[in-house]
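**Student:** Residue numbers (the working numbering): 599 to 846.
Don't be surprised by glycine CBs; every beta carbon is placed ideally from N, CA and C.
Fair warning: this is a prediction, and the values are worked out from it, not measured in the lab.
(1) Which whole-angstrom value describes the C-beta separation of residue 835 and residue 658, a residue pair presumed to lie in contact below a C-beta threshold of 8 Å?
(2) If you check the beta carbons only, do residue 640 and residue 757 fall under 8 Å apart?
(3) Less than 8 Å between the C-beta atoms of residue 605 and residue 612, yes or no?
(4) Which of the three DSSP states is assigned to residue 669 in this structure?
(5) Which complete alpha helix (DSSP H) runs does the stretch 611-641 hold, if anything under 4 residues is left out?
(6) So within the stretch 785-818, which uninterrupted alpha helix (DSSP H) runs reach at least 4 residues, ignoring any that extend past its ends?
(7) Quick one: residues in its chain with C-beta nearer than 7 Å to the C-beta of residue 697, no 5 flanking neighbours on either side, listed in chain order?
(8) Assess, as a yes-or-no matter, whether the stretch 768-784 is touched by the stretch 740-747 under the definition of 3 or more beta carbon pairs within less than 8 Å.
(9) Taking residue 599 as part of the alpha helix (DSSP H), name the residues at either end of that continuous run.
(10) Assess, as a yes-or-no matter, whether the stretch 660-678 is touched by the stretch 708-716 under the definition of 3 or more beta carbon pairs within less than 8 Å.
(11) Starting from the Cα of residue 735, find the closest Cα among 755, 809, 700 and 759 and give me that residue.
(12) Tell me whether residue 663 is buried or exposed, calling it buried when 16 or more other Cβ atoms sit within 10 Å of its Cβ.
(13) What do you get for residue 633, buried or exposed, if any count of 16 or more other CB atoms within 10 angstroms of its CB means buried?
(14) From which residue to which residue does the alpha helix (DSSP H) around residue 841 run?
(15) Taking all protein chains shown into account, decide if residue 716 is buried (16 or more other Cβ within 10 angstroms of its Cβ) or exposed.
(16) So is residue 684 buried or exposed if we call it buried at 16+ other beta carbons inside 10 Å?
(17) Once DSSP output is grouped into helix, strand and coil, what is the label at residue 732?
(18) Rounding to the nearest angstrom, what Cα-Cα distance links residue 626 and residue 703 in this structure?
(19) In its own chain, which residues sit with a C-beta less than 8 Å from the C-beta of residue 739, not counting the 5 before and 5 after it?
(20) Can you give me the start and stop residues for the alpha helix (DSSP H) that residue 780 sits inside?
(21) Under DSSP, the alpha helix (DSSP H) around residue 765 begins and ends at which residues?
(22) Measuring straight from C-alpha to C-alpha, what distance separates residue 842 and residue 750?
(23) Look up residue 769 in the DSSP assignment and say whether it is helix, strand or coil.
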């Protein structure tokens, strides 16, 4: 597992992965915003995810933070026809609304992942509270809520866990960003997708047959026995071994 993780975690991984989207930027807020959209769009073919993310960023003049803070009503009209699968224009506009309100008060999206106690000690609680904060608005749409999952709803929360991996894990190997310092790599949960679960079950390190939050915790707890400080580094091994159909 260590060998596979090290083999796959390198800059060549970036090109065909949605993480290539935030890698187009250097300013932290741009990375956070571009990364959030890319992560939320991350279901289906990776080629399509990247294409739709680039399309949205172009509508934002490839300056997501500036667009979020300073857009006009006329600027928003550009977004009225953007969609990706079940992510419709109304969802895009609400995301922009939330981010506009948020970045007027905060410099980093990490603050939105504070746990119920107001700190960063319980990331499961932080994920739950992120969703609560995201939809704490009179303009929140019921239809948009499906795009921000939560452990409280037993969801595997794959896309947010992937986003957190991007923002939190060290940038030393050139893939993840290591921008957020309050959340530690040891606290992260594995992004559970079909490739990861197939390999994990084949290796007998995941026993459950459901892709839910309980399975996330089970697999992450096992990975913490391999590397307590950085369990999610094994995402690279499990995902790529599944994607490439490696034989065991």
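**Tutor:** Let's see:
(1) To locate residue 835, count along the chain shown from 1; it is residue 237. To locate residue 658, count along the chain shown from 1; it is residue 60. No, residue 835 and residue 658 are not in contact; Cβ-Cβ is about 34 Å, not under 8 Å.
(2) Within the chain shown, the letter at position 42 stands for residue 640. Within the chain shown, the letter at position 159 stands for residue 757. Closer than 8 Å, so yes.
(3) Here residue 605 corresponds to residue number 7 of the chain shown, with the count starting at 1. Here residue 612 corresponds to residue number 14 of the chain shown, with the count starting at 1. No, Cβ-Cβ distance for residue 605 and residue 612 is not below 8 Å.
(4) Taking the first residue of the chain shown as position 1, residue 669 is located at position 71. Three-state DSSP puts residue 669 in coil, outside helix and strand.
(5) 626-638
(6) 792-800
(7) Walking along the chain shown from the start, residue 697 turns up at place 99. Cβ within range, chain order: 631 and 666.
(8) no
(9) Along the chain shown, read from residue 1 onward, the residue named residue 599 stands at position 1. Careful: residue 599 lies outside any alpha helix (DSSP H) and carries neither H nor E.
(10) no
(11) In the chain shown, the residue the question calls residue 735 occupies position 137. The option with the nearest alpha carbon to residue 735 is 700.
(12) Residue 663 sits at position 65 when you count from the first residue of the chain shown. It counts as buried.
(13) Against the chain shown, residue 633 aligns to sequence position 35. When all chains shown are included, residue 633 counts as buried.
(14) In the chain shown, the residue the question calls residue 841 occupies position 243. 833-841 is the extent of the alpha helix (DSSP H) around residue 841.
(15) The count along the chain shown starts at 1 and reaches residue 716 at position 118. It counts as exposed.
(16) On the chain shown, residue 684 is found 86 positions in, with the first residue counted as 1. Flag for residue 684 reads exposed.
(17) Looking up residue 732 in the chain shown gives position 134. Residue 732: helix per DSSP, three-state reduction.
(18) For this step, residue 626 is matched to residue 28 along the chain shown. For this step, residue 703 is matched to residue 105 along the chain shown. Rounded to the nearest angstrom, the two C-alpha atoms are 16 Å apart.
(19) To locate residue 739, count along the chain shown from 1; it is residue 141. Correct list, in chain order: 688, 689 and 692.
(20) Counted from its first residue, the chain shown places residue 780 at position 182. Careful: residue 780 lies outside any alpha helix (DSSP H) and carries neither H nor E.
(21) Taking the first residue of the chain shown as 1, we reach residue 765 at position 167. Residue 765 -> alpha helix (DSSP H) spans 756-766.
(22) Locating residue 842 in the chain shown gives position 244, counting from the first residue. Locating residue 750 in the chain shown gives position 152, counting from the first residue. In a straight line, the C-alpha of residue 842 is about 33 Å away from that of residue 750.
(23) Here the question's residue 769 lines up with position 171 in the chain shown. Correct three-state label for residue 769: coil.
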